[in-house]
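*Asks:*
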Amino acid sequence: HGELAGYCLMLGDDALIMSQRLSEWCSRAPDLEEDIALANMALDLLGQARLLLARAAAADPGVVPALPDGSPVPAEDALAFFREAEAFRNVRLAEVANGDFAHVVVRLLLFSAARLALLERLRGSADKVLAAVAAKGVKEVAYHRDWAGRWFLTLARGTDESHRRLVAALDALWPLQDELVATHPLERSLARAGVGVDPASTRDEVDAVLDQVFAVSGVDRPDRAPLAGVGGRTGRHGTHTEALSRLLAEMQVVARAHPSGRW
Amino acid sequence: HGELAGYCLMLGDDALIMSQRLSEWCSRAPDLEEDIALANMALDLLGQARLLLARAAAADPGVVPALPDGSPVPAEDALAFFREAEAFRNVRLAEVANGDFAHVVVRLLLFSAARLALLERLRGSADKVLAAVAAKGVKEVAYHRDWAGRWFLTLARGTDESHRRLVAALDALWPLQDELVATHPLERSLARAGVGVDPASTRDEVDAVLDQVFAVSGVDRPDRAPLAGVGGRTGRHGTHTEALSRLLAEMQVVARAHPSGRW
Amino acid sequence: MTTTPTERDPEERLRAGFDATIARHDRIEPRDWMPDAYRRTLVRQIAQHAHSEIIGMQPEGNWIGRAPSLRRKAILLAKVQDEAGHGLYLYSACETLGVSRAELTDLLLAGRQKYSSIFNYPTLSYADVGTIGWLVDGAAICNQVPLCRTSYGPYGRAMIRICKEESFHQRQGYELLMTMMRGTDAQRAMVQESVDRFWWPSLMMFGPPDAQSPNSARSMAWGVKRNSNDELRQKFVDMTVPQAEALGVTLPDPDLRWNEERGHHDFGEPDWEELAAVIAGNGPCNAQRLAHRRAAHEDGAWVREAATAFAERSAGAGAR
Amino acid sequence: MTTTPTERDPEERLRAGFDATIARHDRIEPRDWMPDAYRRTLVRQIAQHAHSEIIGMQPEGNWIGRAPSLRRKAILLAKVQDEAGHGLYLYSACETLGVSRAELTDLLLAGRQKYSSIFNYPTLSYADVGTIGWLVDGAAICNQVPLCRTSYGPYGRAMIRICKEESFHQRQGYELLMTMMRGTDAQRAMVQESVDRFWWPSLMMFGPPDAQSPNSARSMAWGVKRNSNDELRQKFVDMTVPQAEALGVTLPDPDLRWNEERGHHDFGEPDWEELAAVIAGNGPCNAQRLAHRRAAHEDGAWVREAATAFAERSAGAGAR
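Residue numbers (this note's numbering), protein chains in the order written: chain A, 1 to 263; chain B, 264 to 526; chain C, 527 to 846; chain D, 847 to 1166.
1) At the level of alpha carbons, what is the spacing between R1003/D and T996/D?
2) What does E831/C reach in chain A if we use C-beta pairs closer than 8 Å?
3) Between T969/D and F1044/D, is the Cβ-Cβ spacing less than 7 Å?
4) Excluding the 5 residues preceding and the 5 following E179/A in the sequence, name in chain order all residues of the same chain whose CB lies nearer than 8 Å to its CB.
5) Against chain A, does V404/B count as a neighbour if the rule is that its beta carbon must be under 7 Å from one of theirs?
6) Can you tell me which residues form a DSSP beta bridge with W1104/D?
7) Measure from the C-beta of V253/A to each C-beta in chain B and report whether the shortest distance is under 7 Å.
8) Start and end of the alpha helix (DSSP H) containing E799/C?
9) With hydrogens ignored, establish whether the beta-carbon of A491/B is closer than 6 Å to any heavy atom of the ligand COA.
10) Please report the residue range of the alpha helix (DSSP H) in which G400/B lies.
11) Which two residues bound the contiguous alpha helix (DSSP H) that contains G261/A?
12) So P438/B contacts chain C; which residues on that side make the cut at Cβ distance below 7 Å?
13) Exposed or buried, Q475/B, counting other C-beta atoms within 10 Å across all chains shown (16 or more means buried)?
14) Go ahead and label E1115/D buried or exposed: buried means 16 or more other beta carbons lie within 10 angstroms of its beta carbon, across all protein chains shown.
15) M706/C and Q696/C - do their beta-carbons sit closer together than 7 Å?
16) Please check if any C-beta of chain C sits within less than 7 Å of the C-beta of A491/B.
17) Please classify S946/D as buried or exposed, where buried requires at least 16 other C-beta atoms within 10 Å of its C-beta.
18) What three-state label does DSSP hand R233/A in the structure shown?
19) Is it a yes or a no for the segment 449-469 of chain B touching the segment 409-416 of chain B, going by three-plus beta-carbon pairs under 8 Å?
20) Please report how far the alpha carbon of P881/D lies from the alpha carbon of D952/D, in whole angstroms.
21) Which stretch, first to last residue, makes up the alpha helix (DSSP H) that contains L22/A?
22) Return the bridge partner residues of D998/D from the DSSP annotation.
23) Which same chain residues end up closer than 8 Å to P324/B when comparing Cβ atoms and leaving out the 5 residues on each side of it in sequence?
24) Could you check the C-alpha separation between E555/C and G679/C for me, to the nearest Å?
25) Distance cutoff 7 Å, beta carbons only. Does R565/C sit that close to anything in chain B?
26) Can you say whether W437/B is buried or exposed, counting buried as having 16 or more other CB atoms within 10 angstroms of its CB?
27) Around the Cβ of S728/C, are there at least 16 other Cβ atoms within 10 angstroms (buried) or fewer (exposed)?
28) Which stretch, first to last residue, makes up the alpha helix (DSSP H) that contains M304/B?
29) Would you give the residue range spanned by the alpha helix (DSSP H) that G587/C belongs to?
30) In the DSSP assignment, find the alpha helix (DSSP H) that holds W748/C and state where it starts and stops.
31) Could you name the residues of chain D that E383/B contacts, counting a contact when the two beta carbons are closer than 7 Å?
32) Taking the Cβ atom as the reference point for each residue, do E586/C and V655/C lie within a distance shorter than 7 Å?
33) Grab me the residues of Y700/C's own chain with a C-beta within less than 6 Å of its C-beta, minus the 5 sequence neighbours each way, in chain order.
34) Touch check for the segment 462-477 of chain B and the segment 399-406 of chain B: three-plus C-beta pairs under 8 Å?
35) Write down every uninterrupted run of the alpha helix (DSSP H) in the segment 954-1020 of chain D whose length is 4 residues or greater and which is fully enclosed by it, in chain order.
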């Protein structure tokens, strides 16, 4: 159950941190329609995060940070707001700071292409909760991927400036793509047990999806190596970029000021 | 002594928050010389803040936030890191987010013109500690004012772009200038007791200094009303801009995660 | 300067029809004839309302990233998203009067159209999210419910939908405060401090006293506005006092008391000078709010241009 | 292709003088003759060192805003400021070789000159500030102390000053870790985690094994470099192990043990593939560090232009 909890944290933290970054776009999008769309996707991922963090806590209460006696803070919030950066298991792609609109389009494309392929397989998980979360998530993330794909095409074939910005965003984010389809030992182990999915098993499908978007858009697949970790450790091991602790400083500040607060 | 403590917090918080904003420039200045100069000024103000917060705590230990039993956190740090935004007494000019280099020049000019006039008078304070802090501070802040004045002139008479940016920064920050020379009841009371200085008594001198900088630089004194408070309450009353709580979220995050930490 | 009867009569007939529709409390629709001044008044009012929704995303949006529970984060994000949606409906209603969203946005950014002054106050704690729901949305609803019966059809219908969602937001805000009041001492103090800051600005949301409100009379005659500023303010106070008691907070007005004779609460005078300063652009956040909106608009220009270019190219390809 | 004896002799005499100076372990000064390759090697090495100081401001600067005590904030800010100062001395030393700071900056930003790979690792906790002082500055000192005796005068003198300040920084870093180790369990864990991350990258600061270090032989012959990579690495390990024991942290190397026979510590092999990836630009922070530097440079362009224009105008006014 410790393994299942750890696995749920990986998927849940991906959704939580990505949602946090998306929600930073609120009131800042190029127009109202995209403001609403970005908020919608942030809400979808926040919903997935809540279910997955709750599942992690149920699978192994030991993963939930201790709070003062009698604190009414629910487990999902203890996990979201009272863990330090190194206890987060999200991929680094989810956490890096927002750039321009091309950056959010590319990040969403890379993220949701991999997450959709994963969730589709996870619908068959031996863990009924995970299977249900995946079934719900597939519909949501399919929309995210389509939104990102449409905008990728639009920016690629829009103006010179939009093309230039899109390619710059793709170059900047591509080194973080590999981590989405790399396998952590926990994932391998849970995949063997029929509970989780080995992301490496989605690699070809994800590649094909991305290649198709690139082809339609007339953009070359970047030729850039994956971002190194530290001693081989990456986001999935709790070794993040400098961006995560800053993100958490903001996200957690009110909750931490009131460890016995009711909200 | 409660009044003296409150007064020290005003002057100390001005220095602390201004120092925090200046230190954000570190590794971001237009050249190495200015990077070093900005860090120097941040260090000067940090030094002033430490003396003033320590004086506040000595005058009235009741102002120091309570920490867990046995916490080794010194009073200056309890005050800096464990107060909420509304307990800070700095002027709003000190806290607003950094803009471009013109913004830091204008902010420093307005801030140090007022602070220098104040510290010069405060050297005669009946409180020996305050008098000593002021005597030391005068030399530092005189340098800050000169630095800002030189750059104000340089940007005003540099290029069209630098002139435009300078005027934009001045327009943006001018509404916050008045708070520097407005009188809080506490200041009036301590001025009567010969301990503090009524900032209103420096108004003419500060105006004259600024007018001279404007005149030499060929820049008009802005014709903009002071920024309103909320029900008349401004930074000195603990009613700040939205920027302060964000600044504190960053500044306080590590200290708060370790309320019994030794550093 | 003479006009023939045939020229005059149609316009008079149209005006008579318009007046009769107004008198019946019926709706004017986009294709109906309407006086220019009516159209201008409506554009001004609906645009101001739309801008308020959009600018109003900022004070609450300020806390989305810091929401202290995931449930509250979802509620707040959905609420701010709803405000964007309200802005959309209202800009659409305005477009039925022949003014585009882009034009209205330009007028807002140039400072030539207003938005509600309440959004020029800062949000300084998470309690403000609740207080804005309770007091600000509460005051907005008092202002807006009568507008569901406003004479211009698209506006009235937009208001029906908006009011429904606003009531939901108001209940959520109140519920947040109620929950916080059942929490720690620090949370209760946070709620009280927030109410202290927002009470008077909320009262000022109803506008200046009737005697000083220049546009009100005509707007009421046209059925664009249906109650006076002071009537609505009184209604809001009467509605809010028992809610404050239930919550356990003190409204920061020493003159606030029940007047048996009037059957209403007496209350103190808001600081109209502060309201004037805020309206004049010197409020705590006027510059900040417009700068944020302007930055978003400018940062998004290249995206809108790309979308337009792509759409034109696609249409061209389709036509070929 | 024939050269007259008079053309040849002076150069040969110059070279002989140069060689003699080197052999005496004396200093070469800016106006002295030097071989082009010597000059190029020095420019490359000093520039890389200067860039390292400047890029090195970022990992520690990342924590200035979050320093957990005012005393530590002052220490850290002063330290990062010192690094800017070191950058200044070193660029000045480089300028004595005929290359301007602006040119060197352009080469850095274009990715055509390197900086120390250690700065391509992220700082992830406040303990990293201490660890960088202890291990990274410690390794840098091992590398740099011999450079105080380097053959090129301005570089050697800059290094004397820099090494003095670096030793001070190293002691401050170690003192921070020591203080944290006397703190809470969470602080001790933070220190250990930080040491775990920085140990191997610190060892890699001495460069590849001697057998694979192409530039070392000539640099040593010229007295630009005075010890081999492996010698310095061994010295660092031997120096650090007792410090780690005093601190109470475990160095993350199961092969680390005292070898009585060699009179040195044996230790494991660093991950040279990771070093190669980082040097190739794929380290965790390469892109981030350069982007930060580039942004600062570009954001400051208008200021530098304004200063130049103002200086020219003032000079013109003075000349009139």
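By construction, the Cβ of each residue, glycine as well, lies at the ideal position given by its N, Cα and C atoms.
*Replies:* In brief:
1) Annotation: R1003/D to T996/D spans about 9 Å, alpha carbon to alpha carbon.
2) Ordered by position in chain A, the residues that pass the 8 Å Cβ test against E831/C are G158, T159, E161 and S162.
3) In this structure, F1044/D does not lie closer than 7 Å to T969/D by Cβ.
4) Answer for E179/A: V91, R92, L93, P226, L227, T234, G235 and R236, listed in chain order.
5) V404/B does not count as touching chain A.
6) Answer is H1111/D.
7) Judged by the 7 Å Cβ criterion, V253/A is in contact with chain B.
8) That run of the alpha helix (DSSP H) goes W798 to A803.
9) Looking for the ligand COA in the displayed structure turns up nothing, as the structure carries no ligands at all.
10) K391 to A419 is the span of the alpha helix (DSSP H), which, as asked, contains G400/B.
11) No alpha helix (DSSP H) holds G261/A; DSSP gives it neither H nor E.
12) Result: N808.
13) Around the beta carbon of Q475/B, a 10 Å sphere encloses fewer than 16 other beta carbons of the protein chains shown; the residue is thus reported as exposed.
14) By the beta-carbon neighbour count (other beta carbons within 10 angstroms, threshold 16), E1115/D is exposed.
15) Going by C-beta atoms, Q696/C is not nearer than 7 Å to M706/C.
16) So, interface residue.
17) Exposed, since its Cβ has fewer than 16 Cβ neighbours within 10 Å.
18) Here R233/A carries a strand assignment [DSSP, helix/strand/coil].
19) No: the two stretches stay apart, fewer than three of their Cβ pairs being nearer than 8 Å.
20) Rounded to whole angstroms, P881/D to D952/D spans 25 Å at the Cα level.
21) For L22/A, the enclosing alpha helix (DSSP H) stretches over residues G2 to S23.
22) In the sequence under discussion, the amino acid at residue 998/D is Tyr, which differs from the Asp named in the question. Under the DSSP definition of a beta bridge, Y998/D partners with I874/D.
23) Answer for P324/B: A338, listed in chain order.
24) So the alpha carbons of these two residues sit roughly 5 Å apart.
25) No, no contact with chain B.
26) Per the 10 Å Cβ criterion, buried.
27) The C-beta of S728/C has 16 or more other C-beta atoms within 10 Å across all chains shown, which makes the residue buried.
28) Segment L295 to A322, the alpha helix (DSSP H) holding M304/B.
29) M583 to G587 is the extent of the alpha helix (DSSP H) around G587/C.
30) Taken as a continuous stretch (DSSP letters only), W748/C belongs to no alpha helix (DSSP H), as it is neither H nor E.
31) Correct list: empty, because the minimum Cβ distance to chain D is about 25 Å.
32) Going by C-beta atoms, E586/C is nearer than 7 Å to V655/C.
33) Cβ neighbours of Y700/C beyond the five flanking positions: W660.
34) Result no; under three Cβ-Cβ pairs closer than 8 Å.
35) Entirely contained in the segment 954-1020 of chain D, the alpha helix (DSSP H) runs reaching 4 residues are, in chain order, 973-977 and 983-990.
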